[in-house]
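Asker:
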Amino acid sequence: MTAETGIGARVKRKEDQRFLTGTGRYVDDLPLARATYAYFLRSPHAHAKIKSIDVSAAKSMPGVVEIFTGKDIADAKVGGLICGWVVKDKHGEPHKSPPHPVMALDTVRYVGDTVAMVVANSHDEAKDAAEAIHVDYDVKPANVDLARAFDKGVPEVHAAEAPGNLIYDWEIGVKADVEAAFAKAAHVTKMDIVNNRLIPNAMEPRAAAAEYDKGTGNYTLWSTSQNPHVLRLILSAFVLGIPEHKLRVIAPDVGGGFGSKIFCYNEETMVCWASSRVGRPIKWTAERAESFMTDAHGRDHVTHAELALDKDHKFLALKVETIANMGAYLSTFSTAVPTYLYATLLAGQYTTPLIYANVKAALTHTAPVDAYRGAGRPEATFVIETIVSKAAAELKVDTAELRRKNFIPTEAFPYQTPVALQYDSGNYPPIIDEAIKIADYKGFEGRRAEAKSRGKLRGIGFSSYIEACGLGPSRVIGQLGGGVGQWESAQIKFNPTGNVQVLTGAHSHGQSHETTFAQLVSDKLGIPIETVEVVHGDTATTPFGMGSYGSRSLAVGGSAIMKAADKIIAKGKKIAAHLMEASVADVVFENGNFKVAGTDKNVPLGAAVFAAYVPHNYPLEELEPGMDENAFYDPSNFVYPAGTQICEVEIDPDTGVVEVVNHTAVDDFGNIINPMVVEGQVHGGIVQGVGQALLENAVYDKETGQLLSGSYMDYTMPRADDVPSFKLGNKITPCPHNPLGVKGCGEAGAIAAPAAVMNAVHDALAPLGVTHVPMPATPLSVWQTIQGAQRKAAE
Amino acid sequence: MYDFAYHRPKSVADAVALLKGKEEARPMSGGMTLIPTLKQRLARPSDIVDLGAIKELAGIKVEGNNVVIGGMTKHGDVATSADVKANIPALASLAGHIGDPAVRNRGTMGGSVANNDPAADYPAAVVALNATITTNTGKHTADDFFKGLFETALSEGELITSISFPKVEKAAYIKFPNPASRYAMVGVFVAKTAGGVRVAVTGAGPCVFRVKAMEDALAKNFTSAAIKDIKVPADDLNSDIHGSAEYRAHLVGVMARRAVDAANK
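Listed in order, the protein sequences are those of chains E and F.
Here this note's numbering is used: the first residue of the first sequence is 96, the next is one more, and so on.
Here this note's numbering is used: the first residue of the second sequence is 19, the next is one more, and so on.
Structure follows, in structure tokens:
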């Protein structure tokens with residue numbers, strides 16, 4: 096359409112009007128007549144046998160409607176929650192698959208494990224009754240320490256199904272080849288790192304509401320889901336057995352997910368199941384403390400890595416050994432995150448010819464761990480980008496130069512990495528050059544000296560990330576064990592009056608689809624953006640789709656919309672040809688008008704649409720009436736955004752406080768639809784990455800298994816004053832295999848930032864002899880590291 | 019939140035009568051600690067006696083060499099008071115950095131001091147300035163008032179009516195905030211008044227405490243150099259995921275030096 100609203104325009108977000116005026120409609124806002132309220136009783140122990148549960152006193156409490164325990168669920172033959180990605184170990188055996196009951200039956204395995212569900216007339220009455228439930232626990236030893244998970248004698252989480260806490264021992268690459276390369280290396284850099292565990296903290300806590308219609312036997316479940324169709328599929332096919340057509344799942348406005356709302360959780364399962372037993376609607380909204388305890392957490396790796404370089408500083412080989420925490424149960428996509436979304440990314444932007452990675456997935460008595468913004472890719476980037484910086488420091492060469500020397504050359508694309516992925520496109524040198532320019536890398540030593548005069552230690556850090564997102568094609572994902580397709584759907588449905596609904600299988604929970612997708616359709620069809628309504632989140636109205644995760648919505652969902660728009664144009668051409676009495680082959684579509692080339696004949700799209708719905712002058716014998724087109728798009732490859740971030744920090748050596756004083760990000764996201772939205776995504780991602788690097792840490796007490804960082808009193812969420820204004824840039828190489836030439840931008844900030852920040856911290860502390868600071872680099876952690884270095888220097 | 023009876027008396031006498039007459043009654047000033055505690059079901063009072071309508075308890079006045087602040091005076095009012103800013107600027111600055119604007123517009127000095135949270139800011143000011151705490155039944159010196167973790171010299175039915183702070187010659191408060199909660203992990207109030215030099219530390223231990231060695235050194239030479247070698251023992255200090263006792267002990271020294279430097283500016 097016009098330049099103000101088309102592709103490339105900074106269109107203000109359509110959805111902000113309702114979000115900023117408090118008129119969004121979230122699950123908890125639902126007015127449901129005769130609603131009851133659920134409250135879940137949680138285990139206070141990290142590991143215990145349930146000897147008995149006495150609900151008799153609780154059942155007679157005021158307002159109590161019903162109380163369910165694990166036994167009720169088992170008696171009703173409700174299935175367990177599933178893990179949807181089968182990872183085969185290095186012997187070709189599928190991963191261990193311990194049961195994941197919807198409610199604990201005889202054992203609780205982490206603090207927060209669900210023990211009973213109380214349904215009452217009000218939330219407070221449900222909570223009062225839950226306090227009156229008497230559970231007799233036989234408390235057992237627990238292990239929350241990932242590094243110790245496989246040690247002899249460590250308490251087992253699922254002793255029978257996963258002996259020794261091992262879910263899989265997986266590998267990629269040929270170990271012997273990598274060892275041979277190390278044997279002839281001129282230099283080897285080694286590193287032991289912990290990728291800290293994070294708690295997602297979406298602004299809106301998880302919530303569910305369900306209503307059962309006795310007359311039709313239909314269930315409606317409202318859920319804070321990132322992918323309502325997939326949730327329905329899992330609940331129907333594996334857990335509740337409700338036929339898919341008798342279950343409608345609606346994910347209305349959802350206030351953030353970051354991955355944590357991809358998964359099928361027990362609470363929404365219970366709310367749905369119990370709604371027919373109670374005969375009244377049931378509502379549940381997590382309290383913040385429950386979110387901390389029971390949302391799937393992210394990251395949590397312990398890794399040893401080694402990088403071999405030749406005498407010219409070319410990377411010869413990379414060797415990585417990682418233990419990945421799964422928590423106490425396998426969440427929906429947990430197994431894929433530290434394997435296919437992690438180890439396959441270990442080439443980064445480099446030509447490293449040989450890579451071997453061994454990943455062991457471990458059970459611990461902690462909340463399940465699954466995908467969280469970046470999902471595996473931040474962990475991979477952190478390994479690569481910290482070890483490359485460490486190598487540069489050890490070899491005393493410029494950190495940017497070492498990167499540049501090892502970049503995949505621009506002419507080498509498409510580029511086959513040694514870890515399965517084939518990068519479709521990329522052009523890395525101009526990205527780092529631009530970042531260096533924006534960040535004034537040349538002026539850094541001057542700024543370092545100036546900071547020193549103020550008693551501050553200033554450091555600079557690089558992170559040149561690669562991301563693989565918009566997963567696909569489905570065939571490959573299936574070969575790798577993924578349990579679902581990776582296409583996306585779209586439907587463009589014109590109304591007779593000429594406005595249009597765009598139904599997408601993607602889901603927006605902060606990503607601005609209502610704006611970006613409307614821009615696509617407005618631009619492509621030449622219609623005003625105000626006449627385009629993007630509809631998502633309801634299985635009853637939208638075509639089956641995979642939802643939003645892995646930075647896929649535009650690359651895959653947007654491509655489906657383009658395909659549907661092509662069908663609209665193709666049909667419109669036939670109608671217009673009829674109206675203009677011209678040959679279809681002569682009709683062109685330009686700026687919302689069908690024209691016959693070389694003539695002044697013209698049919699606006701609106702006129703073609705009207706003719707399709709009021710087909711009085713219409714080729715009915717050849718063409719169906721109506722203007723309503725569906726498309727499904729299965730990507731032929733992943734998309735590969737890449738970029739470089741440069742972070743500058745200043746450290747107060749007296750207190751250990753790290754301040755991010757400059758942060759630059761230059762990205763290649765392919766073509767950009769709405770730069771403002773993309774910048775917002777990058778900003779948010781960087782803040783989460785800075786959060787991981789400096790602030791956030793999920794900590795369980797090693798003795799008791801209690802979650803010590805269970806509230807904002809102890810879990811450090813990044814705040815606005817923790818980050819500077821970011822400096823952003825773009826270098827665009829369009830994706831060659833999707834119709835929009837777009838890549839993904841949702842996770843990039845969070846993927847790149849932790850390494851950039853930590854490399855800056857290491858650079859700042861290098862003069863003190865420090866080579867490693869554990870992440871997050873909290874004031875305590877930095878101070879202790881400085882103390883350790885000073886003690887060592889004194890020895 | 020459990021159910022409770024709510025009262026909003028208009029006088030101290032009525033408040034005290036309510037507090038003494040009920041089994042598990044709790045006074046509430048700003049409620050900035052009590053309400054979250056109730057919401058988390060960590061307290062179950064039978065009655066809440068809201069002191070918010072007792073007009074005599076709020077307000078700031080200068081009496082001779084002292085600034086007298088009513089128990090129900092809000093942090094925001096202390097922070098912006100011309101009398102406080104003119105006579106004890108460090109106290110105004112401290113008040114202006116408690117919590118966030120919402121907390122500063124609800125929370126009160128009396129509530130904070132009576133609660134004696136180990137990470138609260140005001141106790142450091144009260145002790146360092148050797149303030150006098152006046153209640154409906156009498157007076158307490160600062161040194162005798164703070165007894166331990168959430169423990170004070172207040173007896174049942176005793177309410178802080180005002181706190182009297184002497185004008186200062188030099189003073190400053192510097193805190194190191196807990197990265198997550200932003201409560202004081204270590205806060206040091208250094209004050210030089212007609213009565214001498216005092217150094218009070220909050221956040222680091224279970225209760226506010228004075229560092230006599232620093233006070234003696236500063237009395238002779240009020241510069242940060244004078245205390246640079248004074249170490250605070252870590253033995254009785256708090257330790258948690260954000261700060262070990264050793265780290266807190268170290269921070270006491272850093273914050274004290276910075277406070278002295280700030281006071282000398």
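Just so you know, even glycine gets a beta-carbon here, dropped at the ideal spot from N, CA and C.
With a threshold of 9 Å between beta carbons, is Met722 of chain E in contact with chain F?
Answerer: Chain F contact via Cβ: absent.
Asker: Quick one: grab the DSSP three-state call for Leu620 of chain E.
Answerer: helix
Asker: With distances taken from CA atoms, which of E:Ala215, E:Leu127, E:Ala224 and E:Lys109 is nearest Ala152 of chain E?
Answerer: E:Ala224
Asker: Could you pull out every residue in the same chain whose Cβ sits closer than 7 Å to the Cβ of Met96 of chain E, ignoring the five residues on either side in sequence?
Answerer: Note that Met96 of chain E scores a pLDDT of 47, beneath 50, so its modelled location is shaky; the value from the coordinates is reported in the next line. For Met96 of chain E, where only same-chain residues beyond five positions count, the Cβ hits under 7 Å are Ser617, Asp618, Gly621, Ile622, Pro623 and Ile624.
Asker: Can you list the residues of chain F that Leu860 of chain E reaches, using a CB-CB cut of under 8 Å?
Answerer: Neighbours of Leu860 of chain E on chain F: none; closest Cβ ~17 Å, over 8 Å.
Asker: With 9 Å set as the bound, which would you pick, yes or no: does the beta-carbon of Leu269 of chain F sit closer than that to a beta-carbon of chain E?
Answerer: yes
Asker: Compare the C-beta of Met96 of chain E against all C-beta atoms of chain F and say whether one is closer than 9 Å.
Answerer: Legend: pLDDT at Met96 of chain E = 47, less than 50; position of this residue unreliable, value from coordinates given subsequently. With 9 Å as the cut-off, Met96 of chain E does not count as an interface residue toward chain F.
Asker: Please name the residue, chosen from F:Asn105, F:Ile116, F:Leu60 and F:Arg216, that lies closest to Asn196 of chain F on a Cα-to-Cα basis.
Answerer: F:Ile116
Asker: What does the alpha-carbon distance come out to for the pair Asn590 of chain E and Ser607 of chain E?
Answerer: 23 Å
Asker: Could you tell me the distance, in whole angstroms, from the CA atom of Val837 of chain E to the CA atom of Val734 of chain E?
Answerer: Straight through space, the alpha carbons of Val734 of chain E and Val837 of chain E are spaced by roughly 8 Å.
Asker: Out of F:Leu255, F:Pro184, F:Asp21 and F:Pro224, state which residue places its alpha-carbon closest to the alpha-carbon of Glu169 of chain F.
Answerer: F:Pro224
Asker: Answer yes or no: does any C-beta atom of chain F fall closer than 9 Å to that of Thr880 of chain E?
Answerer: no
Asker: Would you kindly work out how many angstroms separate the C-alpha atoms of Ala850 of chain E and Asn732 of chain E, rounded to a whole number?
Answerer: 27 Å
Asker: Determine the closest residue to Met870 of chain E out of E:Ser820, E:Glu791 and E:Arg814, with distance taken between C-alpha atoms.
Answerer: E:Glu791
Asker: Which residues, in chain order, does the stretch 184 to 203 of chain F contribute to contact with chain E at a C-beta distance below 7 Å?
Answerer: Phe194, Pro197, Ala198 and Ser199
Asker: Within the continuous alpha helix (DSSP H) that includes Val777 of chain E, where are the two ends?
Answerer: Pro770 to Val785
Asker: When we look at the beta-carbon of Asn260 of chain E and count the other beta-carbons within 10 Å, is it buried (16 or more) or exposed?
Answerer: buried
Asker: Considering Tyr728 of chain E, what are the terminal residues of the alpha helix (DSSP H) in which it resides?
Answerer: Not the alpha helix (DSSP H): Tyr728 of chain E falls in the beta strand (DSSP E), residues Asp723 to Tyr728.
Asker: Give a yes or no on whether the C-beta atoms belonging to Ala855 of chain E and Val782 of chain E are separated by under 9 Å.
Answerer: Their beta carbons are not under 9 Å apart, which means Ala855 of chain E does not touch Val782 of chain E by this criterion.
Asker: In the stretch 125 to 157 of chain E, which residues sit with their C-beta less than 8 Å from some C-beta in chain F, listed in chain order?
Answerer: none
Asker: Please classify Arg216 of chain F: does DSSP put it in a helix, a strand, or coil?
Answerer: strand
Asker: Would you mind stating whether Gly354 of chain E and Arg468 of chain E have Cβ atoms separated by less than 9 Å?
Answerer: yes
Asker: Work out the CA separation of Gly128 of chain F and Gly70 of chain F for me, nearest whole Å.
Answerer: 12 Å
Asker: In terms of DSSP beta bridges, what is Ile746 of chain E paired with?
Answerer: Paired residues: E:Leu552 and E:Val753.
Asker: Quick one: Cα of Asn825 of chain E to Cα of Val755 of chain E, how far?
Answerer: 22 Å
Asker: Taking all protein chains shown into account, do 16 or more other C-beta atoms lie within 10 angstroms of the C-beta of Val96 of chain F, making it buried, or fewer, making it exposed?
Answerer: buried
Asker: Helix, strand or coil for Met96 of chain E per DSSP?
Answerer: Below a pLDDT of 50, predicted positions are generally treated as unreliable, and Met96 of chain E, at 47, falls in that range; the measurement from the model is reported next regardless. Three-state DSSP puts Met96 of chain E in coil, outside helix and strand.
Asker: According to DSSP, is Leu59 of chain E part of a helix, a strand, or is it coil?
Answerer: It is not possible to answer for residue 59 of chain E, since the shown part of chain E is limited to 96 through 890.
Asker: For the alpha helix (DSSP H) containing Trp878 of chain E, name the first residue and the last one.
Answerer: Pro874 to Ala889
Asker: Note down, in chain order, every chain F residue with its Cβ under 8 Å from the Cβ of Tyr810 of chain E.
Answerer: Ala198
Asker: Return helix, strand or coil for Tyr735 of chain E, following the three-state DSSP convention.
Answerer: coil
Asker: Compare the C-beta of Met19 of chain F against all C-beta atoms of chain E and say whether one is closer than 9 Å.
Answerer: yes
Asker: Which residues, taken in chain order from the stretch 382 to 415 of chain E, show a beta carbon closer than 7 Å to some beta carbon of chain F?
Answerer: none
Asker: Spell out whether any CB of chain E is found under 9 Å from the CB atom of Asp258 of chain F.
Answerer: yes
Asker: Report the rounded CA-to-CA distance for Tyr930 of chain E versus Ala297 of chain E, giving the unit in angstroms.
Answerer: Only positions 96 to 890 of chain E appear in this structure, which leaves residue 930 of chain E out of reach.
Asker: Pick out whichever of F:Asn134, F:Gly221 and F:Leu37 has its Cα sitting closest to the Cα of Pro63 of chain F.
Answerer: F:Leu37
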